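Student: Chains as they are written, first to last, in our numbering: chain A, -19 to 171; chain B, 19 to 209.
C-beta atoms are modelled at their ideal positions from N, C-alpha and C, and glycine is treated no differently.
In this text the structure is predicted, and so the values were computed from the model without any measurement.
What follows is a single structure, and I will ask about it in a moment.
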């Protein structure tokens, strides 16, 4: 759920960069994040989408170093931010005792789920919230848990890891257009 | 100061929101555009099959303006989904209604509409969708930023409306799978 700039701002200020956050993980979890990051280099089409980005953004991901879906979405965000250069200021917070207040504020279906990612304008006003698994991951979970009774609308992707990258990129692209076409920000940027 | 979306508050808002016919009856002149749009929406056979197979109740609250063009485009799509999915209950509340939760749904420092909240059967918030979907933003970008600036990779849909319909169905499918596989709801329903 969306929170206010006033709530998210202090959390963003204390959050860590992708490299610093991953470096704080134990070696077993670090290797998972690194493996995901290595596999998620943007292809040419995805690079072209990111090269069209114009608006600075803040992205705050409440996550767990131990969590597989967090490593997957986090690495995808890391790759997108890397491709976007200085436009995307991506930061991570570990869900735990020190971030419990934020985790409670963005509960999903009565649970403190991770990852939860806030996509914000350059001045910290939130534009979207992405959490927890993406559609392709939920479809995969349904196939495993429900078998033939899984009611899903698409076959399993050829590469489930890269499918998540595309889903995360789609949402970042959507927010980029939201910000690019925002009258408030068009006035600010004179474009 | 955050106005958080809590299930107890949403349960009190819900009875004040209106189902499709009552919402349209609130302004019969402006409702004509909604009705005209509804007449143009056709779900495909696979989309209908997916929606007909939903087994979890989903409460969908659209904060809207009956005067709003984006609401005219998206409200009838949400209604078509609700009509095809037995577990989806859709209600509309005007952005300026005294009970409107728009204060907790501000996007990019604005009270944008439509903003749609997907909830579990017990009003626990799951996902916020708004204001526009990716397919529509790509269409807007192509129009407003101009043909001289084509959108790489965007692949503007031949039929933008069908693209927006698919965006909505994807969002609804994701919420349904999240609820279908939710441990707390599986325990409650014994499935």
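What is the C-beta distance between residue 106(B) and residue 100(B), in whole angstroms, given that I count them as a contact (C-beta under 8 Å)?
Tutor: Your numbering for residue 106(B) matches position 88 in the second chain. Your numbering for residue 100(B) matches position 82 in the second chain. Confirmed, about 5 Å.
Student: What are the boundary residues of the beta strand (DSSP E) that residue 136(B) is part of?
Tutor: Taking the first residue of the second chain as position 1, residue 136(B) is located at position 118. Residues 133 to 137.
Student: Between the Cα of residue 28(B) and those of 109(B), 162(B), 178(B), spot the shortest distance and give me the residue it belongs to.
Tutor: Along the second chain, one-based indexing puts residue 28(B) at 10. Selected option, being the one with the closest Cα: 109(B).
Student: What separation, rounded to the nearest whole angstrom, lies between the Cα atoms of residue 51(A) and residue 56(B)?
Tutor: One-based indexing of the first chain puts residue 51(A) at position 71. One-based indexing of the second chain puts residue 56(B) at position 38. Residue 51(A) and residue 56(B): Cα-Cα distance of roughly 41 Å.
Student: Measure from the C-beta of residue 150(A) to each C-beta in chain B and report whether the shortest distance is under 8 Å.
Tutor: Position 170 of the first chain, counted from the start, is the residue given in the question as residue 150(A). By this cut-off, residue 150(A) is an interface position.
Student: When DSSP labels each residue in this structure, what does residue 37(A) get in the three-state scheme?
Tutor: Translated into the one-based positions of the first chain, residue 37(A) becomes position 57. In this structure, residue 37(A) counts as strand in the three-state DSSP scheme.
Student: Going along the chain, which residues of the segment 34 to 53 of chain A sit with their C-beta nearer than 8 Å to a C-beta in chain B?
Tutor: Residues: none.
Student: Can you check the segment 102 to 143 of chain A for any beta strand (DSSP E) of at least 3 residues that lies completely inside it and give the ranges in chain order?
Tutor: DSSP runs (the beta strand (DSSP E)) wholly in the segment 102 to 143 of chain A: 106 to 111.
Student: Using the three-state DSSP reduction, which class does residue 69(A) fall into: helix, strand or coil?
Tutor: Counting from 1 along the first chain, the entry for residue 69(A) is found at position 89. Residue 69(A) falls in the strand class under three-state DSSP.
Student: Would residue 120(B) and residue -18(A) qualify as a contact pair, given that the criterion is a beta-carbon distance under 8 Å?
Tutor: Within the second chain, numbered from 1, the residue matching residue 120(B) stands at position 102. Within the first chain, numbered from 1, the residue matching residue -18(A) stands at position 2. Result no, Cβ atoms of residue 120(B) and residue -18(A) do not sit closer than 8 Å.
Student: Give me the subset of the segment 69 to 99 of chain B whose CB atoms are less than 8 Å from a CB atom of chain A, sorted by chain position.
Tutor: The residues in question are 71, 72, 73.
Student: Pick helix, strand or coil for residue 12(B), following the three-state DSSP scheme.
Tutor: The structure shown does not extend to residue 12(B), since chain B is modelled only from 19 through 209, so no value can be given for it.
Student: Let me know if residue 162(A) comes out buried or exposed under the rule of 16 or more other beta-carbons within 10 Å of its beta-carbon.
Tutor: Here the question's residue 162(A) lines up with position 182 in the first chain. The residue is buried, with at least 16 neighbouring Cβ atoms inside 10 Å.
Student: For residue 177(A), which of 67(A), 127(A), 81(A), 130(A) has the nearest alpha-carbon?
Tutor: Nothing can be reported for residue 177(A), as the shown portion of chain A is limited to -19 through 171.
Student: Does any residue of chain B have a CB that is nearer than 8 Å to the CB of residue -3(A)?
Tutor: Sequence index remark: in the first chain, residue -3(A) carries index 17 (1-based). So no, residue -3(A) is outside the interface.
Student: Using a threshold of 8 Å, state whether the C-beta atoms of residue 114(A) and residue 147(A) are closer than that.
Tutor: Start at 1 with the first residue of the first chain, and residue 114(A) comes out as number 134. Start at 1 with the first residue of the first chain, and residue 147(A) comes out as number 167. Cβ distance < 8 Å, so residue 114(A) and residue 147(A) count as in contact.
Student: Helix, strand or coil: how does DSSP classify residue 163(B) here?
Tutor: For the purposes of this step, residue 163(B) is identified with residue 145 of the second chain, where counting begins at 1. Reduced to three states, the DSSP call for residue 163(B) is coil.
Student: Mind checking whether residue 152(B) and residue 185(B) have CB atoms under 8 Å apart?
Tutor: Residue 152(B) sits at position 134 when you count from the first residue of the second chain. Residue 185(B) sits at position 167 when you count from the first residue of the second chain. Taking 8 Å as the Cβ cut-off, residue 152(B) and residue 185(B) qualify as a contacting pair.
Student: Given 8 Å as the limit, is there contact between the segment 58 to 78 of chain A and the segment 35 to 46 of chain A, that is, 3 or more CB pairs closer than that?
Tutor: Yes, the segment 58 to 78 of chain A is in contact with the segment 35 to 46 of chain A.
Student: Hey, how far is the Cα of residue 3(A) from the Cα of residue 50(B)?
Tutor: Position 23 of the first chain, counted from the first residue, corresponds to residue 3(A). Position 32 of the second chain, counted from the first residue, corresponds to residue 50(B). One C-alpha to the other measures close to 58 Å.
Student: I'd like the span of the beta strand (DSSP E) that includes residue 107(B), first residue to last.
Tutor: The residue given as residue 107(B) occupies position 89 in the second chain. Note, residue 107(B): beta strand (DSSP E), 106 to 112.
Student: To which residues of the same chain is residue 165(A) closer than 7 Å at the C-beta, ignoring the five residues directly before and after it?
Tutor: Walking along the first chain from the start, residue 165(A) turns up at place 185. Taken in chain order, the residues that qualify are 35, 101, 159.
Student: Tell me whether residue 128(A) is buried or exposed, calling it buried when 16 or more other Cβ atoms sit within 10 Å of its Cβ.
Tutor: Numbered from its first residue, the first chain carries residue 128(A) at position 148. By the 10 Å Cβ count, residue 128(A) comes out exposed.
Student: Scan the segment 87 to 102 of chain A for residues whose Cβ lies nearer than 8 Å to a Cβ of chain B and list them as they occur along the chain.
Tutor: The residues in question are 87, 88, 89, 90, 91, 101.
Student: If you run the structure through DSSP and keep just helix, strand and coil, what is residue 59(B)?
Tutor: As a first step, residue 59(B) is located in the second chain; it is residue number 41 there, counting from the start. Residue 59(B) falls in the coil class under three-state DSSP.
Student: Given this structure, state the Cα-to-Cα distance separating residue 174(B) from residue -5(A), to the nearest angstrom.
Tutor: Locating residue 174(B) in the second chain gives position 156, where the first residue counts as 1. Locating residue -5(A) in the first chain gives position 15, where the first residue counts as 1. Note on residue 174(B): pLDDT 41, under 50, position unreliable in the model; no value is reported.
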